[in-house]
Amino acid sequence: MKKLLLLIVITLLLSPIVKAQPGKTQITKWQYGRNGAVSITWDDGSINQFKVALPILNKLQLPATFFIITGQIPGSQYHGKFIGRPIKDIIKETATIPTNKDNFFERASAGGYLGLIGPLDYHYKAGSLVDAGKTEAAYKAIDECYAKVRNGEFKPGIQHNDEYKDAHGTTWAPIKAYAAQGHEFASHMVTHPRLAALDETNLMYEAEKSRLDVLNHLGLAYTFSAEGPFGTENERAVAYLSKVYPALRNRMPEPWLKEISRGNKDTPGNTDKEYVQYQRGATTKTPLPMMKAWVDTTMNRKDTWLVLTHHGVDGIGWEPLPHQELDEYFTYIKNHQDKLWVATFGDVTKYMRERQSAKVQSSFKGDKITVNITHPLSKVFYTIPLTLKTYVPADWKNINAVQGNKKQTLKALTDANGSYVLYQAYANVSPVTLSGS
Ligand SMILES: [Zn+2]
3 MKKLLLLIVI TLLLSPIVKA QPGKTQITKW QYGRNGAVSI TWDDGSINQF
53 KVALPILNKL QLPATFFIIT GQIPGSQYHG KFIGRPIKDI IKETATIPTN
103 KDNFFERASA GGYLGLIGPL DYHYKAGSLV DAGKTEAAYK AIDECYAKVR
153 NGEFKPGIQH NDEYKDAHGT TWAPIKAYAA QGHEFASHMV THPRLAALDE
203 TNLMYEAEKS RLDVLNHLGL AYTFSAEGPF GTENERAVAY LSKVYPALRN
253 RMPEPWLKEI SRGNKDTPGN TDKEYVQYQR GATTKTPLPM MKAWVDTTMN
303 RKDTWLVLTH HGVDGIGWEP LPHQELDEYF TYIKNHQDKL WVATFGDVTK
353 YMRERQSAKV QSSFKGDKIT VNITHPLSKV FYTIPLTLKT YVPADWKNIN
403 AVQGNKKQTL KALTDANGSY VLYQAYANVS PVTLSGS
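Converting from the sequence shown to our numbering requires adding 2 to each position, the first position being numbered 1.
#1: Counting pairs of Cβ atoms below 8 Å between the stretch 29-40 and the stretch 152-170, do you hit three or more?
#2: So, with DSSP's three-state summary, where would you put V246?
#3: Give me the DSSP bridge partner(s) of I262.
#4: On the criterion of 16 or more Cβ atoms from any shown chain inside 10 Å, does V344 qualify as buried, or is it exposed?
#5: What's the gap between the Cα of H325 and the Cα of N272?
#6: Can you tell me whether P322 sits near ligand 3, meaning its C-beta is under 7 Å from at least one heavy atom of the ligand?
#7: Taking its Cβ as the centre, do 16 or more other Cβ atoms sit within 10 Å of P121, making it buried, or is it exposed?
#8: Return the first residue and the last residue of the beta strand (DSSP E) that L222 is part of.
#9: So, are the CB atoms of A143 and A128 less than 8 Å apart?
#10: Please determine if the stretch 135-154 and the stretch 246-263 are in contact, where contact requires at least 3 C-beta pairs separated by less than 8 Å.
#11: Is E165 near ligand 1, judged by its Cβ being under 7 Å from some heavy atom?
#12: How many angstroms separate the CA atom of V431 from the CA atom of V362?
#13: Rank V40, Q23 and Q28 by C-alpha distance to the C-alpha of D340 and give the top, closest one.
#14: Would Y207 and Q74 qualify as a contact pair, given that the criterion is a beta-carbon distance under 8 Å?
#15: T258: buried (16+ other C-beta within 10 angstroms of its C-beta) or exposed?
#16: Assuming S227 and T72 make a contact with CB atoms under 8 Å, what is their CB distance in whole Å?
#17: DSSP beta-bridge partners for T372?
#18: Out of K287, T288 and T269, which has the shortest C-alpha to C-alpha gap to Q279?
#19: Using CA coordinates, which residue listed in A284, P88, K381 and E229 is at the minimum distance from A223?
#20: Confirm the yes/no value for this check: CB of H194, any heavy atom of ligand 1, distance under 7 Å.
#21: Let me make sure I understand the geometry here. Which of T411, N407 and Y331 has the alpha-carbon closest to that of L59?
#22: With which residues is H312 paired in a DSSP beta bridge?
#23: Is it buried or exposed for E186, if we count other Cβ within 10 angstroms and need 16 for buried?
#24: Rounded to whole angstroms, how far is the Cβ of A360 from the Cβ of A403, which I believe are closer than 8 Å?
#25: State whether the stretch 45-62 contacts the stretch 195-204, with contact taken as three or more CB pairs (one from each stretch) at a distance under 8 Å.
#26: Report whether the distance from the Cβ of H190 to the nearest heavy atom of ligand 1 is below 7 Å.
#27: Could you please give me the residues that DSSP links to A39 through a beta bridge?
#28: When DSSP labels each residue in this structure, what does F68 get in the three-state scheme?
#29: According to DSSP, is Y428 part of a helix, a strand, or is it coil?
#30: For D133, is the beta carbon positioned less than 7 Å from some heavy atom of ligand 1?
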């Protein structure tokens, strides 16, 4: 009797205690059940991004996201301008009232539009000080700027910032063609200003008018993502931007997301969050092995989204990387695509949000498994397919997954819990039916 009990116990221990029930379904963390995600993003739209880097990406069939400065693209409806009181009234007032919290934003917003060469540099300086939390120093910079204006120390002329000038050469027609190749184009504002130094009216002009030009030239799908210049994390600026764009590379507060910005030396480390956004920006000083190590970290974890922030290419743009290095780096990413989902910034954002808010219901009746997936997110943007993992009966070897008029032919895979299939499914449409033989 004792021996028999022991035998039963050993048998139970050796066989998996709980096999997954056929029909049990989960949404994989990343598309195609991969270990991690990578988004290759480009800021400023400098011309070699399109002439040099984009052909490398196309050769490797890797999609990317380009944040473009819309105001300088020929054919754009909206260009940089100052909206507010007459400039001469603002200048006059600076002679008697020092810059303070009530007049700072107006003065800093007007800085680039005084018809002088020089004050735009003070707009940038003041904005970077606000971004760094140094508001008193920002007020001082604006006082210094307007003192020089009143003393006639600046030459007349129109000044543009470096990013705006470097973006010269792009037009909407090729941008539209690149978008059709699978790349995401998204707003980097009208003129690449320091948003943290702008008043509400001028900040919203930069955000909304840039969106309108993207909308009018490329369509609604490209109004999802945006990047406020200089990676600003200024709370006030980000709050305004998020009224216009559903996804910001600057900040994306979600209870399930740990964010590591490109200025942060942190690594993904240990976290109790579902996902980590790991932003890294290579400069000319970043060794290639370090850039590859970011990719290794991402594919060796299960929860990480590597967001690469690139700027210049082959001498044009900020911190330009040589094309040989970019080619080797992107080839390295391509060679690990079995572990990495390489997708645009917008698509990865959509996938995570859809997965985090989706409900999956499944049933196994007769010889069919039915899986229904729904989420409450806007159908305007959140329509990318999710990868589902559904357990199937052990004797199903070849499986058909049918959703509407889409049919996928699948082979059963196995893990410790039994046989399963991985397949793509859309939420908020008809259920998926799985049948096997
Ligand atoms: Zn930029």
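Backbone N, C-alpha and C fix where the C-beta goes; we use that ideal spot for every residue, glycine too.
Everything numeric in this text was worked out from a predicted model, so none of it was measured.
Answer, in terms of the structure:
#1: no
#2: In the sequence shown, counting from the first residue as 1, residue 246 sits at position 244. V246: helix per DSSP, three-state reduction.
#3: Stepping through the sequence shown from its first residue, residue 262 is reached at position 260. According to DSSP, I262 bridges with Y280.
#4: Taking the sequence shown and counting its residues from 1, one reaches residue 344 at position 342. The residue in question, V344, is buried, as its Cβ has 16 or more Cβ neighbours within 10 Å.
#5: As a first step, residue 325 is located in the sequence shown; it is residue number 323 there, counting from the start. As a first step, residue 272 is located in the sequence shown; it is residue number 270 there, counting from the start. Cα-Cα distance, rounded: 35 Å.
#6: Absence of ligand 3 is noted for the structure shown, with ligand 1 being the only ligands found.
#7: Locating residue 121 in the sequence shown gives position 119, counting from the first residue. P121 is buried by the Cβ-count criterion.
#8: For the purposes of this step, residue 222 is taken as residue 220 along the sequence shown, with counting starting at 1. Note, L222: premise wrong, no beta strand (DSSP E); not H, not E.
#9: Numbered from 1 along the sequence shown, position 141 holds the residue referred to as residue 143. Numbered from 1 along the sequence shown, position 126 holds the residue referred to as residue 128. Yes, the Cβ-Cβ distance between A143 and A128 is below 8 Å.
#10: no
#11: Numbered from its first residue, the sequence shown carries residue 165 at position 163. Because some heavy atom of ligand 1 lies under 7 Å away, the Cβ of E165 counts as near it: yes.
#12: As a first step, residue 431 is located in the sequence shown; it is residue number 429 there, counting from the start. As a first step, residue 362 is located in the sequence shown; it is residue number 360 there, counting from the start. Spanning the two alpha carbons is a distance of roughly 12 Å.
#13: Here residue 340 refers to the residue found at position 338 when the sequence shown is read from its first residue. That would be V40, whose Cα lies nearest to the Cα of D340.
#14: Reading the sequence shown from its first residue, position 205 is the one you call residue 207. Reading the sequence shown from its first residue, position 72 is the one you call residue 74. Not a contact, by the Cβ cut-off of 8 Å.
#15: Counting from one through the sequence shown, the residue named residue 258 turns up at place 256. For the sequence presented, residue 258 should be read as Trp rather than Thr. Per the 10 Å Cβ criterion, exposed.
#16: The residue given as residue 227 occupies position 225 in the sequence shown. The residue given as residue 72 occupies position 70 in the sequence shown. With a Cβ gap of about 14 Å, S227 and T72 do not count as contacting.
#17: Counted from its first residue, the sequence shown places residue 372 at position 370. S365 and T435, per the DSSP bridge assignment.
#18: Walking along the sequence shown from the start, residue 279 turns up at place 277. Closest by alpha carbon: T269.
#19: Residue 223 sits at position 221 when you count from the first residue of the sequence shown. For A223, the nearest C-alpha among the options comes from K381.
#20: Position 192 of the sequence shown holds residue 194. Flag set: Cβ of H194 near ligand 1.
#21: Residue 59 sits at position 57 when you count from the first residue of the sequence shown. Ranking T411, N407 and Y331 by Cα distance to L59 puts Y331 first.
#22: Within the sequence shown, numbered from 1, the residue matching residue 312 stands at position 310. H312 is bridged to W44.
#23: To locate residue 186, count along the sequence shown from 1; it is residue 184. Answer is buried; the Cβ neighbour count reaches 16.
#24: Position 358 of the sequence shown, counted from the first residue, corresponds to residue 360. Position 401 of the sequence shown, counted from the first residue, corresponds to residue 403. The pair is not a contact, with the Cβ atoms about 17 Å apart (cut-off 8 Å).
#25: no
#26: The residue given as residue 190 occupies position 188 in the sequence shown. Yes, ligand 1 has a heavy atom inside 7 Å of this Cβ.
#27: As a working mapping, residue 39 is identified with position 37 in the sequence shown. DSSP, once it has assigned bridges, lists W307 and W343 as partnering A39.
#28: Counting from one through the sequence shown, the residue named residue 68 turns up at place 66. Looking at F68 - three-state DSSP - the assignment turns out to be strand.
#29: Here residue 428 refers to the residue found at position 426 of the sequence shown. Looking at Y428 - three-state DSSP - the assignment turns out to be coil, as it is neither helix nor strand.
#30: For the purposes of this step, residue 133 is taken as residue 131 along the sequence shown, with counting starting at 1. No, the Cβ of D133 stays beyond 7 Å of every heavy atom of ligand 1.
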